[in-house]
Amino acid sequence: MPKTKHDSPTRIAIAILAAGKGTRLKSRHPKVLHEVGGKPLLAHVIAAATRVVPPTDIYAIIGHEADRVRAAVAASGIGFVLQSEQRGTGHALMVARPALSPYDVVLVLSGDAPLITPQTIERLRDFHASRKAAMTLLTAELKNPAGYGRVLRRKAGSDDVQAIVEQKNLSPAQQKIHEINAGFYAFDAQPLFSHIDQLSANNHHGEFYLTDMAAILAKARQRVVALQASHSHEVLGGNTRAELSEIDQHMRLAKCQQLMADGVTILYPQTCVIDSDVEIGSDTVIEPFVQLRGSTRIGSDARIGSYSVIQSCEIGDQVLVQTGCVLEHSTIKARASMGPYSHLRPGCEICEDAHVGNFVELKKSRLGKGSKANHLTYLGDSEIGEKVNVGAGTITCNYDGVSKHKTIIEDGVFVGSDSILVAPVRVGRGAYIAAATTVTEDVPPDSLALGRARQIVKEGWAKEKREKAKAQKAK
Ligand code: UD1
Ligand code: MG
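In the numbering used here, the protein residues as written are 12 to 486.
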């Protein structure tokens, strides 16, 4: 950890600018809550920041839709500063002065630039300390620098910065500069807050630009230096929908590359949508066009078939998910198999070696070890034991129009095809339900329940009908 002159540890705060509206997104939702990699922009920045300092030293400056933003990231344990009127990035730090001035160094991150890594934040911190600067800004060389503030270095090749010029104020000569201000800074708190009142809102937007601190501090003979990011994509900001999509693609491809490096096979990674927090064990195969979202965790040696969409599920080793399954907030244990075309709604548990097949929907249900529901079935609010066979077309009637009721099917039960189980109902261990039975009462263990109308056969009926029709025609 860097030290101050007096050799006591440097107290470092991270301020994340997150109060802006994000006008360019043309959205009803605050900019920093727009998602990339399946998570709000701000959540990514907080995740990187918390790898550098403890959450209690991180302050998000919030304003536009502050309550929503706060609620979305409160679980991270960071602090918040309210900038109720958003009068610019410089104004954001003026408002945060009471929270930040007790620190030695303030690292400023942009809440809309989610590709920043902990390593780069640490490089910025260390470079700032080594140059004994009052302000250090992170920069990047961009092929297309349009929209970003440009960095005026004192001399080419020197670390020293004269000023940052915003896009709208660029002279024709300055428009040729490709080194942009990334919107990440390290400040010594003392010079920052003793000069911040010199910012003026006398510019195109009538805002207090934090970027003007570079010229103010440089004029006051304080050291202002620039550090170029090693990977320019890290500084990309999501100001427009197009930029959000670019960042999202970047993040997802990087996620696939990391998973492949860890031993996961991903066929056609460009077609897969895998959220940042997903975890997958080695030797698992992800087929093309798979979406793995939220906090999904998949074990080893599993296979996820094309067009499956899996939201926050826990999936064990050697599970087979065939084509086209939609699985939400559920657990699937080792060696179970799903699909093709199965649907798990939230709250399901599919136990070891169980099978859920074609066009089967489950909701808040548990299917025990080795049990099977292979075709065209709905199981809602049900508890199904081990080695149960649920025949094709079985339906639990769990809803009476007012309340939901439970269906319990004990171990070893055989449910014949096209059965209807009207809940609440219990089928005892080892019982048989004859095909097409409507079960309205509990079935004792080891018994047979048969509840369908008896078949009537009228011999010769069809032949007679045909002959009658023929005679009619001949008339
Ligand atoms: C800013 C920089 C620009 C830089 C770019 C990098 C300024 C004046 N310009 O421009 O030099 O190249 O970032 O991405 O700083 N915010 C607040 N309070 C406010 C205004 C903004 O918290 O009053 C927050 C926003 O929510 C956002 C961040 O500050 O997260 C940056 O604001 P934004 O409007 O995106 O600035 P840029 O125009 O991108
Ligand atoms: Mg921006």
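Idealized CB from N, CA, C, for every residue including glycine.
Coil, strand or helix - residue i by DSSP
i, result
"Val424", "coil"
"Pro280", "helix"
"Lys484", "helix"
"Pro6", "In the structure displayed, the chain extends from 12 to 486; residue 6 sits before or after that span and is not available."
"Lys375", "coil"
"Leu497", "This structure gives no information on residue 497, because the portion of the chain shown stretches from 12 to 486."
"Ser185", "One point to set straight first is that residue 185 is Gln, not Ser, in the sequence displayed. Three-state result, Gln185: helix."
"Phe204", "helix"
"Thr15", "Unreliable positioning characterises Thr15 in this predicted model, as indicated by a pLDDT of 49, which lies under 50. A coordinate reading is not provided."
"Ala29", "strand"
"Pro65", "coil"
"Gln269", "helix"
"Lys469", "coil"
"Ala464", "coil"
"Gly90", "strand"
"Gly101", "helix"
"Thr449", "strand"
"Thr21", "coil"
"Asp288", "coil"
"Ser112", "coil"
"Thr251", "coil"
"Arg477", "helix"
"Gln239", "strand"
"Val117", "strand"
"Asp78", "helix"
Straight-line Cα distance separating residue j from residue i
i, j, result
"Ala365", "Ser382", "5 Å"
"Gly168", "Arg136", "21 Å"
"Ile321", "Val337", "6 Å"
"Ile315", "Val275", "11 Å"
"Ala446", "Lys344", "29 Å"
"Gly88", "Ala59", "14 Å"
"Gly248", "Val330", "39 Å"
"Glu177", "Ala144", "22 Å"
"Pro202", "Gly99", "20 Å"
"Pro66", "Thr131", "18 Å"
"Thr147", "Val162", "12 Å"
"Gly310", "Gln260", "25 Å"
"Arg377", "Val399", "12 Å"
"Gly391", "Lys417", "8 Å"
"Ala184", "Gln233", "26 Å"
"Asn409", "Cys267", "41 Å"
"His216", "Asn180", "11 Å"
"Lys476", "Arg465", "23 Å"
"Lys469", "Thr448", "23 Å"
"Phe195", "His139", "12 Å"
"Cys362", "Lys380", "5 Å"
"Ile406", "Ala313", "29 Å"
"Met349", "Glu478", "51 Å"
Same chain, Cβ closer than 8 Å to residue i, neighbours up to 5 away in sequence not counted
i, result
"Tyr318", "Phe300, Val301, Thr334, Gly335"
"Ala151", "Glu190, Ile191, Ala193, Gln239, Ala240, Ser243, Glu245, Val246"
"Pro456", "Glu421, Gly439, Arg440, Gly441, Ala442"
"Val80", "Ala29, Pro41, Val43, Leu44, Leu53, Ala71, Ile73"
Cβ-Cβ separation, residue j to residue i (assumed contact under 8 Å), whole Å
i, j, result
"Ile25", "Asp78", "With a Cβ gap of about 22 Å, Ile25 and Asp78 do not count as contacting."
"Ser341", "Gly358", "7 Å"
"Val426", "Ile444", "5 Å"
"Asp286", "Gly48", "6 Å"
"Ala174", "Ala226", "4 Å"
"Asp171", "Val236", "6 Å"
"Thr251", "Gly160", "The pair is not a contact, with the Cβ atoms about 17 Å apart (cut-off 8 Å)."
"Val92", "Ala107", "4 Å"
"Pro125", "Ile23", "At roughly 21 Å, the Cβ-Cβ gap does not stay under 8 Å, so Pro125 and Ile23 are not in contact."
"Leu373", "Arg356", "7 Å"
"Gln94", "Ala103", "5 Å"
Same chain, Cβ closer than 6 Å to residue i, neighbours up to 5 away in sequence not counted
i, result
"Leu264", "none"
"Arg437", "Ile419, Asp453"
"Arg308", "Glu290, Glu325"
"Leu387", "Phe370, Ala403, Gly404"
"Gly122", "Ile27, Leu28, Ala29, Val43, Leu53, Val56"
"Leu210", "Gly101, Phe219, Asp223"
"Leu270", "Ile291"
"Arg62", "Pro129"
"Leu459", "Tyr443"
"Tyr352", "Gly335, Asn369, Phe370"
"Phe198", "Val117, Met146"
Sequence-distant residues of its chain with Cβ nearer than 7 Å to residue i (five each side left out)
i, result
"Glu76", "Pro41"
"Ser306", "Asp288, Ser323"
"Lys14", "In this prediction, Lys14 has a pLDDT of 49, which is less than 50 and means its spatial position is unreliable; what the coordinates show is noted afterwards. Correct list, in chain order: Pro20, Thr21."
"Thr282", "Pro299, Phe300"
Could I get the ranges of all uninterrupted beta strand (DSSP E) runs contained in the segment 325-408, with 3 residues as the minimum, in chain order?
Qualifying beta strand (DSSP E) stretches, in chain order: 337-339, 353-355, 366-374, 383-391, 393-395, 406-408.
3 or more residues per run - each beta strand (DSSP E) lying fully within the segment 127-183
The segment 127-183 contains these whole beta strand (DSSP E) runs: 146-152, 161-164, 172-176.
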